[in-house]
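Remember, this note's numbering sits 1 above the position in the sequence shown when you count from 1. The structure appears right after this line, and notes come after that.
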Amino acid sequence: MDIVNDEFYMSLALDLAERAQGQTGINPVVGCVIVKDGALAGVGTHLERGTPHAEIHALNMAGTKAAGSTVYVTLEPCSHYGSTPPCSERLIAEGVKRVVVACEDPNPLVAGKGIQMLRAAGIEVVTGILRERALRLNEAFIKFITTGQPFVTLKTASTLDGKIASKTGDSKWISSEESRELVHTLRHRHQGIMVGVSTVIADNPSLTTRLSVGGLHPVRIIVDSSLRMPLDSHVVSDGTAPTWILTTEQADEGKRTLLEERGVQVIPCGEGPRVDLKAAIAKLGQMGISSILLEGGGTLNGAMLEQKLVDRLIQFIAPKIIGGYDAPGNFMFSGYEQMNQAIVLTGLESKRLGDNIYITGIPVWM
Ligand code: AOF
Ligand code: ZN
2 MDIVNDEFYM SLALDLAERA QGQTGINPVV GCVIVKDGAL AGVGTHLERG
52 TPHAEIHALN MAGTKAAGST VYVTLEPCSH YGSTPPCSER LIAEGVKRVV
102 VACEDPNPLV AGKGIQMLRA AGIEVVTGIL RERALRLNEA FIKFITTGQP
152 FVTLKTASTL DGKIASKTGD SKWISSEESR ELVHTLRHRH QGIMVGVSTV
202 IADNPSLTTR LSVGGLHPVR IIVDSSLRMP LDSHVVSDGT APTWILTTEQ
252 ADEGKRTLLE ERGVQVIPCG EGPRVDLKAA IAKLGQMGIS SILLEGGGTL
302 NGAMLEQKLV DRLIQFIAPK IIGGYDAPGN FMFSGYEQMN QAIVLTGLES
352 KRLGDNIYIT GIPVWM
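Right under this line is the structure:
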């Protein structure tokens with residue numbers, strides 16, 4: 002890569018932040034690069050909630066070279082006392098000359114105050130360098146810190162005719178190996194993974210992250226209105242990751258006790274007969290889940306879409322046609338009458354993964 006302008010160092014800071022995606026909990030991912038006299042002097046990334054921010058690691062590495070340096074940081078330096086003292090204060094104390102910021106911090110405790118503090122101390126501050134990439138990287142944090150609600154990514158894999166299984170229920174495999182690998186990266190990067198109990202009954206999935214380099218398991222969140230969860234399913238019995246069941250006030254007390262005895266957390270959401278999905282999502286936010294990977298089936302996907310609870314959609318499309326009038330589709334709901342009522346996606350991105358097409362976009366909710 003050629004050194005042309007500020008983007009050269011900011012893209013490194015963004016790479017550092019990107020590699021930590023999934024490990025900072027409800028905190029943002031942030032990267033920082035310090036440049037002194039035209040050479041790298043320090044790098045840092047925020048690793049885990051409750052531990053030092055990116056700027057602190059980079060400043061510690063730069064040592065006395067911090068004075069008079071340019072600091073590249075992917076998120077506005079903080080101005081508040083949280084688990085750690087404000088990064089802006091430290092940058093001022095170190096005597097840095099210039100701070101280049103990709104995007105502002107939407108946290109109401111910061112929201113421009115960090116930049117103000119730096120400018121008031123006579124530091125030159127430039128903002129908006131690679132801003133779009135920085136915003137995309139922290140889309141879940143941005144939603145969570147401003148609304149208290151988790152960011153929901155709906156992920157699905159279907160044939161060209163929109164089926165997620167054959168008419169007999171066979172689904173192994175629709176998508177390519179490359180697509181299935183990417184799913185594990187997505188699991189690592191989300192705090193929760195959500196499916197319906199029908200998926201557990203049909204496939205007995207473990208819903209864990211399996212990457213050659215290891216990875217973090219999301220909390221397994223199962224929507225199960227009438228506690229049909231089999232006690233011998235992997236998610237109940239394998240102890241690999243926490244399992245939470247979303248159910249209703251009508252749920253059978255005896256079955257609830259059996260699940261709780263096995264370490265499963267049972268969370269009533271609404272009177273019933275079905276789980277109140279809006280209430281469930283709000284509750285998951287209160288429980289500290291800031292991002293959810295929704296892996297369907299079709300009925301849960303459809304219900305989540307119908308209730309406008311999806312923030313991003315990712316679909317893998319395989320060049321296969323399976324047919325079947327009753328074969329399940331990826332979005333099952335009663336549907337709209339007019340094409341102008343259709344759910345529309347913006348910000349489309351696509352690429353090929355093996356012989357699959359990966360497509361992602363953001364549903365526009367009106
Ligand atoms: C930065 N650099 O690397 C991060 C920032 O709980 P605390 O004390 O870690 O504070 C978390 C808040 O600090 C978080 O919501 C966001 O506003 C900011 N995160 N800021 O300057 C960093 N991780
Ligand atoms: Zn900070």
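A virtual CB, placed ideally from N, CA and C, is assigned to each residue, including glycine.
Contact defined as beta carbons within less than 8 angstroms: I believe residue i pairs with residue j. What is the distance between those atoms, to the nearest angstrom?
i           : j           : result
residue 7   : residue 127 : 7 angstroms
residue 92  : residue 72  : 6 angstroms
residue 156 : residue 13  : In fact, because the Cβ distance is near 29 angstroms, the residues do not count as touching under 8 angstroms.
residue 188 : residue 232 : Not confirmed; about 24 angstroms, so no contact.
residue 383 : residue 310 : Here the chain has residues from 2 to 367 only, and residue 383 is not among them.
residue 23  : residue 46  : Incorrect: roughly 13 angstroms between the Cβ atoms, too far for contact.
residue 85  : residue 116 : At roughly 18 angstroms, the Cβ-Cβ gap does not stay under 8 angstroms, so residue 85 and residue 116 are not in contact.
residue 273 : residue 280 : So it is not a contact: roughly 12 angstroms between Cβ atoms.
residue 237 : residue 197 : Rounded, the Cβ-Cβ distance is 15 angstroms, inconsistent with contact.
residue 330 : residue 164 : 6 angstroms
residue 161 : residue 318 : 6 angstroms
residue 325 : residue 168 : 3 angstroms
residue 142 : residue 151 : Between residue 151 and residue 142 the Cβ distance is about 11 angstroms, and since that is not below 8 angstroms, they are no contact.
residue 346 : residue 363 : 6 angstroms
residue 209 : residue 241 : 5 angstroms
residue 78  : residue 97  : Not confirmed; about 10 angstroms, so no contact.
Taking 7 angstroms as the line, does the beta carbon of residue i fall inside it for any heavy atom of the ligand ZN?
i          : result
residue 95 : no
residue 78 : yes
residue 88 : yes
Looking at the ligand AOF, does it come within less than 7 angstroms of residue i, judged from the CB to the closest heavy atom?
i           : result
residue 104 : no
residue 146 : yes
residue 70  : no
residue 29  : yes
residue 54  : yes
residue 65  : no
residue 91  : no
residue 289 : no
residue 61  : no
residue 50  : yes
residue 43  : no
residue 111 : yes
residue 85  : yes
residue 108 : yes
residue 371 : What the structure shows of the chain is the stretch from 2 to 367, and residue 371 is not part of that stretch, so it cannot be assessed.
Could you spell out where the alpha helix (DSSP H) holding residue i opens and where it closes?
i           : result
residue 146 : 140–148
residue 357 : Per DSSP, residue 357 belongs to no alpha helix (DSSP H); it is in the beta strand (DSSP E), 357–364.
residue 237 : 235–238
residue 88  : 88–95
residue 46  : First-last for residue 46: 40–46, but that is the beta strand (DSSP E), not the alpha helix (DSSP H).
residue 63  : 55–63
residue 120 : 114–121
Quick one: grab the DSSP three-state call for residue i.
i           : result
residue 202 : helix
residue 195 : strand
residue 156 : strand
residue 9   : helix
residue 68  : coil
residue 110 : coil
residue 278 : helix
residue 217 : coil
residue 228 : coil
residue 76  : strand
The beta strand (DSSP E) with residue i in it runs from where to where?
i           : result
residue 184 : First-last for residue 184: 178–190, but that is the alpha helix (DSSP H), not the beta strand (DSSP E).
residue 349 : 346–354
residue 221 : 220–224
residue 266 : 266–269
residue 35  : 32–37
residue 257 : From DSSP, residue 257 is part of no beta strand (DSSP E) but of the alpha helix (DSSP H) over 254–262.
residue 247 : 244–248
residue 104 : 99–104
residue 49  : Careful: residue 49 lies outside any beta strand (DSSP E) and carries neither H nor E.
residue 126 : 125–128
- Query: At what residue ranges does the region 283–337 contain a whole run of the beta strand (DSSP E), taking only runs of 3 or more?
  - Reply: 292–295, 313–318
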